[in-house]
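In this note's numbering, the protein residues as written are 2 to 240. Even glycine gets a Cβ: it sits at the ideal position worked out from N, Cα and C. Please read these numbers as outputs of a predicted model, since none were measured by experiment. Heads up: the structure comes next, in structure tokens.
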């Protein structure tokens with residue numbers, strides 16, 4: 002039996018980059034994946050690739066995390082509950098927003114707000130809205146994708162690093178509040194320098210050979226979503 006058989010797992014940012022690769026890896030391990038992103042055509046390509054590979058048919062849902070407020074998150078959760086008949090065994094928060102490395106005096110309030118919006122507020126809003134479904138799962142794992150500068154502040158990382166620091170805090174709070182639920186856990190996984198669209202944007206002069214491949218980190222994402230990681234919560238894990 003595949004590692005994630007019988008699990009239904011939601012992956013944000015699933016139309017490209019790390020989110021796409023995590024979604025495909027989960028499907029290959031037997032999970033029914035809920036693909037979430039804001040670009041319909043890109044989502045359809047990932048959906049078709051999973052179905053074409055003979056894996057469990059996923060769900061593909063367009064949802065704009067940038068603009069969503071309480072009502073939209075609640076409606077989204079209701080849609081998930083109806084589509085999966087109330088089954089949800091995990092959320093992987095891969096969606097991220099990054100502008101550029103720059104000094105603080107070049108960064109704008111709007112850039113900070115938008116990065117917090119996607120990197121911190123959306124994971125909170127989505128996790129909160131889907132919490133009733135997660136509580137019903139016999140084994141649910143919520144994974145937040147972190148960044149090393151969330152723990153180690155450094156020049157030019159400004160709003161992005163700050164929003165990832167807040168994401169770490171969010172995970173720790175959730176893990177602490179969920180201690181009374183043996184079936185729930187929340188952790189941060191920090192992939193490091195992988196060959197992703199975000200890394201190419203932040204380090205354009207870096208050689209591909211200096212970056213890890215998706216294959217280097219995907220086994221860890223599978224393990225932390227599986228029952229094997231049960232009992233591990235509130236951790237920040239560098240891959």
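Quiz item: Cα separation between residue 224 and residue 142?
Solution: Approximately 10 Å, taken between the alpha carbons.
Quiz item: Given a threshold of 16 other Cβ atoms within 10 Å of its Cβ, counted over all protein chains shown, does residue 6 qualify as buried or as exposed?
Solution: With fewer than 16 Cβ atoms within 10 Å of its Cβ, residue 6 is classed as exposed.
Quiz item: When DSSP labels each residue in this structure, what does residue 186 get in the three-state scheme?
Solution: Residue state, collapsed to three classes: strand.
Exercise. Reducing DSSP to helix, strand and coil, say where residue 98 ends up.
Key: Secondary structure of residue 98 (DSSP, three-state): coil.
Quiz item: Do you know offhand how far residue 63's Cα is from residue 81's?
Solution: Roughly 12 Å separates the two Cα atoms.
Practice problem: Can you tell me which of 183, 165, 146 puts its alpha carbon nearest to the alpha carbon of residue 13? | Solution: Relative to the Cα of residue 13, the nearest Cα in the group 183, 165, 146 belongs to 146.
Practice problem: State the start and end residues of the unbroken alpha helix (DSSP H) segment that holds residue 11. | Solution: Run containing residue 11: none in the alpha helix (DSSP H); it sits in the beta strand (DSSP E), 9-13.
Practice problem: Could you check which residue in 169, 22, 192, 158 has the C-alpha nearest to that of residue 106? | Solution: Nearest of 169, 22, 192, 158 to residue 106, Cα basis: 158.
Quiz item: Run through DSSP, which three-state label would residue 142 get?
Solution: Three-state result, residue 142: strand.
Quiz item: Which residues bound the alpha helix (DSSP H) around residue 132?
Solution: Segment 123-137, the alpha helix (DSSP H) holding residue 132.
Quiz item: In three-state DSSP terms, what is residue 55?
Solution: DSSP places residue 55 in coil when its eight states are reduced to three.
Self-check item: For residue 1, the three-state DSSP class (helix, strand or coil)
Solution: One cannot answer for residue 1 here, as it falls past the ends of the chain, which runs 2 to 240.
Practice problem: Look at residue 151 and residue 131 and say whether their C-beta atoms are less than 9 Å apart. | Solution: Not a contact, by the Cβ cut-off of 9 Å.
Practice problem: Kindly say whether residue 13, judged by its beta-carbon, lies nearer than 9 Å to any beta-carbon of chain B. | Solution: In the structure shown, chain B does not exist; there is a single protein chain.
Practice problem: Name, in chain order, the residues that DSSP records as bridge partners for residue 33. | Solution: Bridge partners of residue 33: 9.
Self-check item: Assigned exposure category for residue 90 - 16 Cβ within 10 Å defines buried
Solution: The residue is buried, with at least 16 neighbouring Cβ atoms inside 10 Å.
Practice problem: Check residue 239 in the structure and name its three-state DSSP category. | Solution: Strand.
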